[in-house]
Each structure stands twice: as structure tokens, then as C-alpha cells.
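This report refers to the structure that appears directly beneath it.
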Amino acid sequence: MGYIIRRTGLFFMLLISVASAASTLDSLARELEQHPDADTTRVKILHELSRGWMKIDLERAKKYSEEALSISKDINYDEGYGQSLINLGDVHYYKGDYDLSVDYSLQAVSFYEKKKDYLGIAAVENNLGAVYYAQGKIKEALIHYSRSVEHYAKINDRSGIARVQNNIGNLYFSTDDLENALLYYEKSLALKQEMNDRDGIAMSLNNIGNVYGTKGDFEKSRDYFIRSMKISEELNDIYAVAMTMNNIGLLYQMEGDTTEALIYMRRSLKKAESIHALDLEKDAWISISELYQEHGRYKQALESYKKYIQVKDSLLDEQTRKNIDDLKAKYESEKQAQVIENQTEEISREKKFNNLLSVVIVLGIVFAVYLVYSNIQRRKANQLLRDQKHVIQITNDELSEKNKNITDSILYASRIQQAMLPPSAYIKTNFPDSFVYFSPKDIVSGDFYWMENSGKEILFAVADCTGHGVPGAFMSVAGSNLLTESVTQHHLTNPGLILDEINRGLAKMLHQDSNDEMVRDGMDIALCAFDKEKHLLRFSGAFNPLWIIRGSEIMEYRGDKYPVGAYVDKYEVKFSTTEIQLLPGDTLYIFSDGYSDQFGGEHGKKLKDSNFKKILLSVQHLPMAEQMEFIRTSFQQWKGDLEQIDDVCVMGIRF
Numbered sequence: 001m002g003y004i005i006r007r008t009g010l011f012f013m014l015l016i017s018v019a020s021a022a023s024t025l026d027s028l029a030r031e032l033e034q035h036p037d038a039d040t041t042r043v044k045i046l047h048e049l050s051r052g053w054m055k056i057d058l059e060r061a062k063k064y065s066e067e068a069l070s071i072s073k074d075i076n077y078d079e080g081y082g083q084s085l086i087n088l089g090d091v092h093y094y095k096g097d098y099d100l101s102v103d104y105s106l107q108a109v110s111f112y113e114k115k116k117d118y119l120g121i122a123a124v125e126n127n128l129g130a131v132y133y134a135q136g137k138i139k140e141a142l143i144h145y146s147r148s149v150e151h152y153a154k155i156n157d158r159s160g161i162a163r164v165q166n167n168i169g170n171l172y173f174s175t176d177d178l179e180n181a182l183l184y185y186e187k188s189l190a191l192k193q194e195m196n197d198r199d200g201i202a203m204s205l206n207n208i209g210n211v212y213g214t215k216g217d218f219e220k221s222r223d224y225f226i227r228s229m230k231i232s233e234e235l236n237d238i239y240a241v242a243m244t245m246n247n248i249g250l251l252y253q254m255e256g257d258t259t260e261a262l263i264y265m266r267r268s269l270k271k272a273e274s275i276h277a278l279d280l281e282k283d284a285w286i287s288i289s290e291l292y293q294e295h296g297r298y299k300q301a302l303e304s305y306k307k308y309i310q311v312k313d314s315l316l317d318e319q320t321r322k323n324i325d326d327l328k329a330k331y332e333s334e335k336q337a338q339v340i341e342n343q344t345e346e347i348s349r350e351k352k353f354n355n356l357l358s359v360v361i362v363l364g365i366v367f368a369v370y371l372v373y374s375n376i377q378r379r380k381a382n383q384l385l386r387d388q389k390h391v392i393q394i395t396n397d398e399l400s401e402k403n404k405n406i407t408d409s410i411l412y413a414s415r416i417q418q419a420m421l422p423p424s425a426y427i428k429t430n431f432p433d434s435f436v437y438f439s440p441k442d443i444v445s446g447d448f449y450w451m452e453n454s455g456k457e458i459l460f461a462v463a464d465c466t467g468h469g470v471p472g473a474f475m476s477v478a479g480s481n482l483l484t485e486s487v488t489q490h491h492l493t494n495p496g497l498i499l500d501e502i503n504r505g506l507a508k509m510l511h512q513d514s515n516d517e518m519v520r521d522g523m524d525i526a527l528c529a530f531d532k533e534k535h536l537l538r539f540s541g542a543f544n545p546l547w548i549i550r551g552s553e554i555m556e557y558r559g560d561k562y563p564v565g566a567y568v569d570k571y572e573v574k575f576s577t578t579e580i581q582l583l584p585g586d587t588l589y590i591f592s593d594g595y596s597d598q599f600g601g602e603h604g605k606k607l608k609d610s611n612f613k614k615i616l617l618s619v620q621h622l623p624m625a626e627q628m629e630f631i632r633t634s635f636q637q638w639k640g641d642l643e644q645i646d647d648v649c650v651m652g653i654r655f
């Protein structure tokens, strides 16, 4: 659900007004030349120059701030001294020199405390919160945000309090502390409502919608998004409207209502196109492509994905043009400043240049004659080399184009396969304390995981299709579709009967019942059905087992000794179903063989099931999310520098 967040950007107070236009900076540079005396006027100009260069040339911004600080200290200009410290803190924040940023900010706090300037203290404390957050020091960031709120409260600055409370909400949200995030977003919202800050209200409603969406409460999330969107429409904030429509579309997509999702995505796209908001257009096109994939409308999915690529490329071109414009502005400003500084030396340089030019012209004529002669001698020899290089270049271009087309196709297949897998939020909604560790060997995978809520029962599986890479990926798409059809169309919930149905489906799809040379592809699978009311689990497996850990004991339930889809040419196999009464605290694991079969360790041997069981027993005291991280780390440590030999998929659920 986290990917819904579009507008919750951390509204830190380090944002500054940047005069990036070259003409403005040139004007300030000329004004500075006209005020050479160390006085308050020069300090104010230096501050403006520092802020103007902050997003273009940090070293120059630093130079101006340091001069302003020195002058302010010499002439006892308190306002200029405090602002200079803040500017230097900002410069080092943008440079990533967080320690120096903290040092200057703490100096600013100390200075403002002596002056009892509560507004200055509040602003700098908020800056410190931002710096500590950027370093990942959450506790320290909260301390300084809290101090900022206290000082804004002393001067009854409700706008400042609301901004910092929103920052605190963002911090909690980024650490998945949803309850505290909701608390501070609502506090910020209440103050904005008191002040009738409608733009701020829309932002806070959007943030609260994100929290409820992450918690899985889609109705509340949608309600807050719609309220936010209505205010943005009244304010004619088309960008915010388009963004929120995209969020609502994503909510519907996660609920499985692809029709409503497509409606909102198209509305979002139309709004974004009306204001040429390429970033929002890009988000809308990729979402529309994914929705068409879910509908099985692959032609429209491909067309939408091509649109996404076009917009993404346009966005990159636009950013490149902006960077070029910034560089031009910087160049022109530096050029103008240099002209002003060196104008008294220009005449002397021109005289020297004219003298040198005469010499250069004579030497140039001699050198040109030599070049013409040399070129005539080398022309015949070089022509053959050019022809050979041309042939090689054409061949390389053809190979590069073919490789690119193949890679693009595989990447797009990966996107389709990823769209087929159940979203993590959907898994968490059905089983809050669970994880899936999924690590394909190649871009696309022969392993896949699957989940479907039929109402009374939740069905889930981990499957390992024949091969890995592209062949395995094709089988995984077929297997996932057959699983879904068995539940949603044939209304089967018995795992053994479902595997029987898939067996027949694969035989029909791959023509395994014909007399000619048959396709022998199939899949190993562990399939479970959980009855929520009875707390009863039903299991059926094709080679792949089910492990349940109860206390310190591992109960292993083995699957049938034949894969799905491999032995139907001579006779039709039947898969068995096992019933298990679960107890609270039981932990379930289903997996492919890629984890246990990985070579590694000191002697480069297979990890094996026995060691995998030891790993699982050792993490039973941990929450499932931490278990997954330990399982992932253990796998990487065991593998070391060796190549991953197969796709890996492990699903864990605690009941």
C-alpha cells in the first residue's frame, strides 16, 4: 500500500526560495559591487546571493554565507549573524555534510536562545529534526521536532505548529508506526482547519488517506482521498486532483475492482495531460497497463506500457533540458561576474592577444599546409580501415538491436509476471503475521506464489515450475491462471481436487494426451486451504512438503510423489488431501527447493533441508517480518560468491 503515497513529501523547513535565473543573480552581483563596505546592506545582499546559488553552486553559496557571517560578527549585526548560521546549516545539509549542518544549526539555536527569539529557535529546531531524519536518527529527530513545536506554541504560531506536526507524522509513517502517524496528521489537520488553510487541509487529508490505505482500511482511505480531491478541485489545483485520482484508482486495484480502477486512472491521466504533468502521466500509464494485464487484455496492456515508456523518456528529456538551462544560467552568471571583476585588465589582454594572433596565424598557415600534405598521403591507407570499421559497426549495431529487443521483451515479461503475483498488502490483509521471500535466479522466474480468498477459506500456494528463466516463467503464468480458474470458475476449495483440475488443464494446454512427441513440463507445488472459522488447514502437495512448527517441534507433511502435469499421458493421477487442526501460535512454511538446494558454505555443498529446518527453528521467537530478513541474510551468507542455482520462494504464516 505504501506505493500509493504521492503527496506526503516531508515538508521540512529547509526549503528555500531560489533565484535561479541568471539575470537575477547578475543583478545581485552588480549590486554587491556597488556596496563594498562591510555593513548591513552588504550582508543582506550576501544572504540573497547565498540563497540564489543554493540549488546551483553550493560552494559559491557557502562562500557568500561565510562572508555574511564574518561581517555580521564584526559589526554586531544580530539578525544577519543568525540568518548566516541558518544558511550555512542549509548549505551543508544539501551537500550531505550532516555533521557540519548540525554544528551550524546548534550554533544558531544557542544564539537565538540568548536573544529569546522563539521564532528563530523553532525554525532551527525543525531544521535539526530534518537533518537527523536524513541521517536515520529517528529518536534525535523527534526530540528536535518536539522542541520546535514547543517554541512555536510560545508565540502561538499555529501555522508553524501544523507544519512540524505534519513532519512528525511523516517520520512516523516512514517507520511504519501508523498509529502515531495518524495521531500527528490529525493534529496538523485540526490546526489547518482552525486557520482555514485549505491547501494544507487537502494535503493532510491525503496523508491520512495514505495511513488508512496502508492499514488496509480501504473505505476510510478512499473517503479521505475524495475529501482531499474535492478541496483541490475547489482550489483549481489540477496537479493535486490528478494525483489523488491516481491514489483512488490504486485503492480500487488493490480491492480487485479493476473496472473502477481503470475509470479513475483514465480520469487522472486526462487531468495530468491537461497540465502536461509528465510525472503523473507516467504513473497513470503504468497503472493502466497493469490493469489491462489483470483483465487479460495484453494488447492494450502493451500499448499502455509503450505510452509509459514514451512519457518516461519525455520526462528524462525535460529534466535534461532543465539541467542544461541551470548550467547555462550558472555559466552566464559566472561569465558576467568575471567580466565585471576583470574589466580594468581587458584592454591590456586585447593588445597582447593581437600580437599573439599574428604569430598564431603564420604558424597556422604552415601547419595547415603540413596537414593537407599528410592527409593526402594517409587517405588511401585510411579508406580501407574506414570500410572495415564500417562493416564491423553495422554488425555490432545489428547485434545490439537484437539484444536490446530480447532484453526489453524479457523485462516486459517480468512486469507481467510481477503483476500476476498477489500484492504484499493483500497477503497482509489475509494473514497479518506473514512473509514471502521471493528471489528469482533470472529476470523472470519459474517459481511463483499465489493466494485467493474464497470467503470462507483462504487458499495459498508456492509452486516451482519446470526450469527457471523464460521457460519457467511461461509455466508459472499458466499455473497461476489455472489455480485462479479452479477457485473462481469451478468453485473448488479442496486442495487435492484443485491439483487434479490443474493436472487436466495442463494436459489440455500442452497437448500431453496426444500420441506425438509430448511436452513434459509440469510443476511441483504445495497448496493449502485455511478455514478461518474452524481453524482447520487442508493441504495437498506435488513433491513439495508442508512444514508446521509447534513449539520446538517440526511437523512435516509430504506431498504426493509426482508433479502436476507430468504423468497424464498413460493414466490420470489423483492428488491426496490432508487435514490438520491448527493451534494458536502454529507457524506454517511452504517453499520451493531453491533454498535447500543452494550450494555454499565453507565446502561449497548444498544447504539441504536439515539445515533449513535449523534456521527456521532458530527464529521462532521473532515476528515473521524479522524472520524473513534472517532467512534472506542466511541464504546470502551461505551462497557467498557462488552463483544462485535456482529460483527461491519461501512463504511463512503464523496463526
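Quick note on my numbering: the sequence shown kicks off at 1 and runs consecutively. Here a beta-carbon is modelled for each residue, glycine too, at the ideal position from N, C-alpha and C.
Option in the options with minimal Cα separation from residue i
{"i": "Arg147", "options": "Ile138, Tyr94, Arg158 and Ile121", "result": "Ile121"}
{"i": "Tyr152", "options": "Gln165, Tyr118 and Lys139", "result": "Tyr118"}
{"i": "Pro545", "options": "Glu452, His276, Phe173 and Arg558", "result": "Arg558"}
{"i": "Val91", "options": "Asn127, Ala529, Ile45 and Lys116", "result": "Asn127"}
{"i": "Lys55", "options": "Tyr93, Asn206, Leu291 and Tyr212", "result": "Tyr93"}
{"i": "Asp26", "options": "Thr41, Thr40 and Leu46", "result": "Leu46"}
{"i": "Tyr305", "options": "Leu315, Arg297, Ser289 and Tyr112", "result": "Ser289"}
{"i": "Leu182", "options": "Asp217, Glu150, Ile155 and Lys63", "result": "Asp217"}
{"i": "Ile238", "options": "Glu255, Leu280 and Asp500", "result": "Leu280"}
{"i": "Phe575", "options": "Leu583, Ala461 and Asp560", "result": "Asp560"}
{"i": "Asn170", "options": "Arg158, Ala134, Glu194 and Asp157", "result": "Ala134"}
{"i": "Lys606", "options": "Ser596, Leu642, Ile615 and Ala419", "result": "Ser596"}
{"i": "Gly96", "options": "Asn76, Glu113 and Leu58", "result": "Leu58"}
{"i": "Tyr212", "options": "Ser486, Glu31, Asp176 and Gly565", "result": "Asp176"}
{"i": "Asp647", "options": "Phe591, Glu255 and Asn210", "result": "Phe591"}
{"i": "Asn453", "options": "Leu482, Gly479 and Val487", "result": "Val487"}
{"i": "Asn207", "options": "Gly551, Phe173 and Gln193", "result": "Phe173"}
Residue i CB to nearest heavy atom of the ligand HEM below 7 Å
{"i": "Met509", "result": "You won't find the ligand HEM in this model; it holds no ligand whatsoever."}
Residue i in three-state terms, based on DSSP
{"i": "Ile549", "result": "strand"}
{"i": "Phe655", "result": "coil"}
{"i": "Gln644", "result": "coil"}
{"i": "Met254", "result": "helix"}
{"i": "Asn196", "result": "coil"}
{"i": "Lys63", "result": "helix"}
{"i": "Met451", "result": "strand"}
{"i": "Asp524", "result": "strand"}
{"i": "Tyr437", "result": "strand"}
{"i": "Tyr595", "result": "coil"}
{"i": "Leu46", "result": "helix"}
{"i": "Tyr212", "result": "helix"}
{"i": "Ile554", "result": "strand"}
{"i": "Lys73", "result": "helix"}
{"i": "Cys649", "result": "strand"}
Beta-bridge partners of residue i, as assigned by DSSP
{"i": "Gly600", "result": "Lys605"}
{"i": "Arg538", "result": "Ala529 and Glu579"}
{"i": "Thr587", "result": "Ile549 and Arg654"}
{"i": "Phe460", "result": "Met451 and Cys528"}
{"i": "Val564", "result": "Met523"}
8 Å contact criterion, which residue i and residue j should meet: CB distance rounded
{"i": "Leu142", "j": "Ala108", "result": "Between Ala108 and Leu142 the Cβ distance is about 20 Å, and since that is not below 8 Å, they are no contact."}
{"i": "Met245", "j": "Arg267", "result": "5 Å"}
{"i": "Asp586", "j": "Ile548", "result": "6 Å"}
{"i": "Tyr292", "j": "Ala301", "result": "4 Å"}
{"i": "Pro563", "j": "Met523", "result": "6 Å"}
{"i": "Leu588", "j": "Ile525", "result": "Going by Cβ atoms, the distance from Leu588 to Ile525 rounds to 15 Å, so no, they are not a contact pair."}
{"i": "Asn87", "j": "Ser110", "result": "With a Cβ gap of about 16 Å, Asn87 and Ser110 do not count as contacting."}
{"i": "Val131", "j": "Tyr98", "result": "5 Å"}
Query raised in the report: For the segment 229 to 241 against the segment 186 to 202, are there 3 or more C-beta pairs whose distance is under 8 Å?
Result: Contact holds: three or more Cβ-Cβ distances are below 8 Å.
Query raised in the report: Using 8 Å as the threshold, is the segment 432 to 444 in touch with the segment 527 to 537, meaning 3 or more CB pairs across them?
Result: Too few Cβ pairs lie closer than 8 Å, so no.
**Report entry** Three CB pairs or more closer than 8 Å across the segment 501 to 509 and the segment 444 to 453
**Finding:** By the C-beta criterion, the segment 501 to 509 is judged not to be in contact with the segment 444 to 453, since fewer than 3 inter-stretch pairs fall below 8 Å.
Query raised in the report: Are the segment 486 to 505 and the segment 418 to 430 touching by the rule of at least three beta carbon pairs closer than 8 Å?
Result: Touching, no.
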